[in-house]
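Each residue of the sequence shown is one higher than the one before, counting from 12 in my numbering.
First up is the structure itself, then whatever we jot down about it.
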Amino acid sequence: MAETKVKATPKASNSAKKSPAPKAAGKDKKVNPDTVKQPDPVMPPAGDPHAAAPRATSTDKPQFPKETYMQWYEQMVLMRKFEEKAGQLYGQQKIKGFCHLYIGQEACVAGAVSALTKGDKWITAYRDHAHPLALGTSPNAIMAELFAKATGCSKGKGGSMHIFDKAVNFVGGHGIVGAQIPMGAGIAFAEKYNKTGNLCICYMGDGAVRQGALHEAFNMAMLWKLPVIFVVENNGYAMGTSVQRTSNVTELYTLGESYDMPSEPVNAMSVEDVHNAVARAAERARAGEGPTFLEFKTYRYKGHSMSDPAKYRTKEELEDYRSRDTIESVRHTILTNKMATEEELAAIDEKIKAQVQESVEFAENSPYPTADELFKDVYVQQDYPYIRD
Ligand SMILES: Cc1ncc(C[n+]2csc(CCOP(=O)(O)OP(=O)(O)O)c2C)c(N)n1
Ligand SMILES: [Mg+2]
């Protein structure tokens with residue numbers, strides 16, 4: 012029987028973690044000891060049924076300047092307070108339809124914003140309020156969209172799952188699981204074709220990696236060395252189905268290795284780790300070395316959507332993750348390093364609370380779209396070449 016081939020991670024991925032060795036199928040298979048994964052103090056042991064989110068590190072020595080920590084704190088508090096309010100308003104039936112909250116996953120976005128530049132494009136699935144908030148979309152326009160009002164960023168016609176904002180390069184907000192993966196590759200193709208020097212960061216959930224579209228997009232992105240960072244936000248569940256119940260491949264980042272794509276797991280309860288991983292991937296993309304696949308190990312504190320009581324998980328599991336909260340970690344770093352006082356952080360909290368309240372008033376006082384809006388923003392091309400009567 013032939014030896015198990017252990018494929019080296021490509022040269023471009025020097026800074027990425029080494030791939031673990033493939034599992035030997037028989038006794039006679041040899042495994043290169045260099046590639047056997049060593050226990051990682053941050054990552055929980057493999058086989059742990061709730062291995063999705065690793066233990067967050069409360070960094071005592073700051074890796075970044077004060078401005079970066081303050082920006083992370085402010086952005087993540089805005090995401091959380093905005094969504095806590097949205098959750099309340101949903102309960103009051105002021106917000107209707109679908110609504111998926113990002114609470115717990117904030118570092119996945121904040122750490123990427125600080126690592127990327129203004130011209131870069133962003134695309135994600137339907138859990139999409141936090142990305143544009145951090146990129147600078149007005150909370151008023153997002154809240155109004157949740158209320159289905161004409162002043163919303165999608166003119167009240169998209170709702171929670173279809174937030175868009177061209178001004179900050181946020182290309183949605185997509186409800187079909189995995190649909191944004193080939194679109195992310197396509198956006199990156201356009202950036203490369205137009206020689207803009209920008210990249211596309213394309214987020215997806217752990218449920219989306221089981222879609223065939225991922226494999227087609229990965230293959231082409233790698234073949235054409237597109238400037239794209241694929242990110243799977245592995246929060247452990249696709250609706251109520253745990254990662255372990257959907258495939259025997261539970262280390263999701265290893266899927267990228269089938270295409271020789273530099274791939275690595277990231278402790279996404281740590282905003283510093285997210286920043287560092289995205290910065291490495293961005294450097295590769297801008298150097299013309301192509302895509303990277305990052306598995307952000309994270310956790311959502313709320314159910315899948317507002318109608319999910321999340322009975323498939325235990326209170327203890329939730330509390331365990333809450334005890335490693337990313338905002339608390341940043342707060343801890345700021346205070347222990349005297350970057351700001353308790354009072355200064357409280358003033359930021361108050362400012363954001365007022366901003367969120369203002370967005371609610373703006374949304375409440377805005378009109379609904381008029382009926383003629385139904386016929387606007389609809390793509391029609393009369394002479395579309397492939398349609399025959
Ligand atoms: C193609 C497709 N199949 C099924 C659904 C129904 N659906 C909506 S969300 C979801 C789970 C996705 O979970 P995941 O990708 O892990 O993202 P998360 O909600 O955890 O952020 C499913 C199956 C859908 N929207 N699109
Ligand atoms: Mg998920």
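By construction, the Cβ of each residue, glycine as well, lies at the ideal position given by its N, Cα and C atoms.
Heavy atom of ligand 1 within 7 Å of residue i beta-carbon
| i | result |
| --- | --- |
| Val188 | yes |
| Arg138 | yes |
| Ala219 | yes |
| His315 | yes |
| Glu275 | no |
| Glu244 | yes |
| Gly108 | no |
Enclosing beta strand (DSSP E) for residue i [first to last residue]
| i | result |
| --- | --- |
| Ile240 | 239–245 |
| Cys213 | 211–216 |
| Lys132 | 132–134 |
| Thr303 | 303–308 |
The alpha helix (DSSP H) enclosing residue i, as first and last residue numbers
| i | result |
| --- | --- |
| Leu100 | 77–102 |
| Ile153 | 150–157 |
| Pro143 | 141–146 |
| Pro193 | 191–204 |
| Lys373 | It is Phe, not Lys, that sits at residue 373 in the sequence shown. From DSSP, the alpha helix (DSSP H) with Phe373 extends over 353–376. |
| Asn278 | No alpha helix (DSSP H) contains Asn278, which is instead part of the beta strand (DSSP E) from 274–278. |
| Tyr332 | 326–333 |
| Asn230 | 223–234 |
Residue i CB to nearest heavy atom of ligand 2 below 7 Å
| i | result |
| --- | --- |
| Asp71 | no |
| Ala118 | no |
| Tyr248 | yes |
| Gly115 | no |
| Asp394 | no |
| Gly251 | no |
Inter-residue Cα distance where the pair is residue i and residue j
| i | j | result |
| --- | --- | --- |
| His315 | Leu385 | 29 Å |
| Leu210 | Ala382 | 38 Å |
| Ile153 | Lys92 | 13 Å |
| Asn43 | Asn246 | Per-residue confidence for Asn43 stands at a pLDDT of 49, beneath the threshold of 50, marking its modelled position as unreliable; the derived number appears in the next sentence. The straight-line gap from Cα to Cα measures roughly 31 Å. |
| Lys105 | Lys236 | 45 Å |
| Pro143 | Lys313 | 20 Å |
| Ala288 | Tyr395 | 42 Å |
| Ser274 | Gly183 | 24 Å |
| Asn205 | Thr347 | 46 Å |
| Met215 | Phe307 | 10 Å |
| Ser253 | Lys96 | 28 Å |
| Phe304 | Leu157 | 31 Å |
| Ser377 | Val391 | 29 Å |
| Tyr397 | Val389 | 19 Å |
| Val282 | Glu353 | 20 Å |
| Asp71 | Glu94 | 29 Å |
Rounded Cβ spacing between residue i and residue j (contact assumed at less than 8 Å)
| i | j | result |
| --- | --- | --- |
| His111 | Tyr137 | 6 Å |
| Ala118 | Ala279 | 6 Å |
| Ala145 | Ala178 | That belief does not hold up - the Cβ atoms of Ala145 and Ala178 are roughly 14 Å apart, past 8 Å. |
| Phe181 | Thr148 | 7 Å |
| Trp133 | Ile212 | 6 Å |
| Ile114 | Arg311 | 7 Å |
| Met90 | Asp139 | About 11 Å separates the two Cβ atoms, so there is no contact after all. |
| Gly170 | Pro380 | Going by Cβ atoms, the distance from Gly170 to Pro380 rounds to 12 Å, so no, they are not a contact pair. |
Beta-carbon gap between residue i and residue j smaller than 8 Å
| i | j | result |
| --- | --- | --- |
| Gly218 | Val188 | yes |
| Arg342 | Gly208 | no |
| Lys160 | Ala374 | yes |
| Met231 | Ala201 | no |
| Tyr270 | Phe241 | no |
| Leu263 | Val243 | yes |
| Ala249 | Thr261 | no |
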